[in-house]
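Novice: Just add 78 to the spot in the sequence shown (first one is 1) and you have the working numbering. Backbone N, C-alpha and C define an ideal beta-carbon position, used for all residues, glycine too. Please read these numbers as outputs of a predicted model, since none were measured by experiment.
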Amino acid sequence: WYGGWKSDDERGQHMKKIVAKDLVKEYNKKTVLSHVNIEMQGGVYGLLGPNGAGKSTLIGIMVDGIQNYSGEILYGNENIKKLGKDYRKRVGYVPQKQGLYEEFSVLECMNYIAVLKGLKKREVREEITYLLERLHILDVASRKISTLSGGMKQRVLMAQALLGDPDFIILDEPTAMLDPHGRADVMRVLHELNRKEGVTVILITHYMEEVVDA
Ligand code: ADP
Ligand code: MG
79 WYGGWKSDDE RGQHMKKIVA KDLVKEYNKK TVLSHVNIEM QGGVYGLLGP NGAGKSTLIG
139 IMVDGIQNYS GEILYGNENI KKLGKDYRKR VGYVPQKQGL YEEFSVLECM NYIAVLKGLK
199 KREVREEITY LLERLHILDV ASRKISTLSG GMKQRVLMAQ ALLGDPDFII LDEPTAMLDP
259 HGRADVMRVL HELNRKEGVT VILITHYMEE VVDA
């Protein structure tokens, strides 16, 4: 039910491997993930599947959010449970649902996430400016998130995921809410991240061509 594939060159071979090993997840005795095995390293990966297939559950487990499963997630051959905070710092996560921290301004949200990630406020100031600029939301930095359009909110979600220079970024349907222009924008940033900065990108999408484009 999922399709994943790897870019066709050697890019990313130096990156640590992310492995999902024999994952099984049930909700109320209903099996959502049944012995899922995946290996990813350094490329752009797409997870495709119909609604309810378990995609969000799978990446929820991969970012160490969802608990109570069997099997394991390995990062560089170590169980993420053992790595704990050291692992979570290396991961950028863009959740499927918007609507978090709506009462914060964009800047407040970025500062807050920085603290959650254990980054020092003083040290991330420049990085935050850089990310907001890169995602074209610097001019709305002081606006409340609740007042932004869906496309703008999506950029904020991406910006917070990129805080702390993660090794890989996992995005749950990042373009679903966007118009074609916003979609192209998000895909351009993902492409740059992977090509220039070697960030591993894991993308859930309904659009197979997006994975190929990135
Ligand atoms: P997808 O992202 O592929 O649409 P999900 O991972 O969100 O799929 O959901 C997979 C299945 O697990 C669905 O049937 C969903 O209803 C169920 N599910 C997801 N989260 C929960 C939860 N917290 N409690 C109970 N069932 C859940
Ligand atoms: Mg989902």
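If we count Cβ pairs, one from each stretch, closer than 8 Å, do we get three or more for the region 112–119 versus the region 257–270?
Specialist: Because the criterion of three Cβ pairs below 8 Å is not met, the region 112–119 and the region 257–270 do not touch.
Novice: For a minimum of 3 consecutive residues, which ranges assigned as the beta strand (DSSP E) are wholly contained in the region 113–192?
Specialist: Listed in chain order, they are 122–125, 148–153 and 169–172.
Novice: Determine the extent of the beta strand (DSSP E) in which K274 is found, giving its start and end residues.
Specialist: Walking along the sequence shown from the start, residue 274 turns up at place 196. Here K274 belongs to no beta strand (DSSP E); instead the alpha helix (DSSP H) covers P258 to E275.
Novice: Are the CB atoms of Y147 and L101 nearer to each other than 7 Å?
Specialist: Numbered from its first residue, the sequence shown carries residue 147 at position 69. Numbered from its first residue, the sequence shown carries residue 101 at position 23. The answer is yes: Cβ separation under 7 Å.
Novice: For Y105, count the other beta carbons within 10 Å of its own beta carbon; 16 or more makes it buried, fewer makes it exposed. Which is it?
Specialist: Taking the first residue of the sequence shown as position 1, residue 105 is located at position 27. By the 10 Å Cβ count, Y105 comes out exposed.
Novice: How big is the Cα-Cα spacing for E180 and C187?
Specialist: The sequence position of residue 180 within the sequence shown is 102, counting from 1. The sequence position of residue 187 within the sequence shown is 109, counting from 1. Cα to Cα, the separation comes out at about 9 Å.
Novice: Which residues bound the alpha helix (DSSP H) around K199?
Specialist: For this step, residue 199 is matched to residue 121 along the sequence shown. That run of the alpha helix (DSSP H) goes K199 to R212.
Novice: Is the beta carbon of N157 within less than 6 Å of some heavy atom of ligand 1?
Specialist: Within the sequence shown, residue 157 is the residue found at index 79, counting from 1. No, since every heavy atom of ligand 1 falls outside the 6 Å radius drawn around the Cβ of N157.
Novice: G196 to R166, Cα distance in whole Å?
Specialist: For the purposes of this step, residue 196 is taken as the residue at position 118 of the sequence shown. For the purposes of this step, residue 166 is taken as the residue at position 88 of the sequence shown. Computed Cα separation, rounded: 10 Å.
Novice: When we look at the beta-carbon of D243 and count the other beta-carbons within 10 Å, is it buried (16 or more) or exposed?
Specialist: Looking up residue 243 in the sequence shown gives position 165. Flag for D243 reads exposed.
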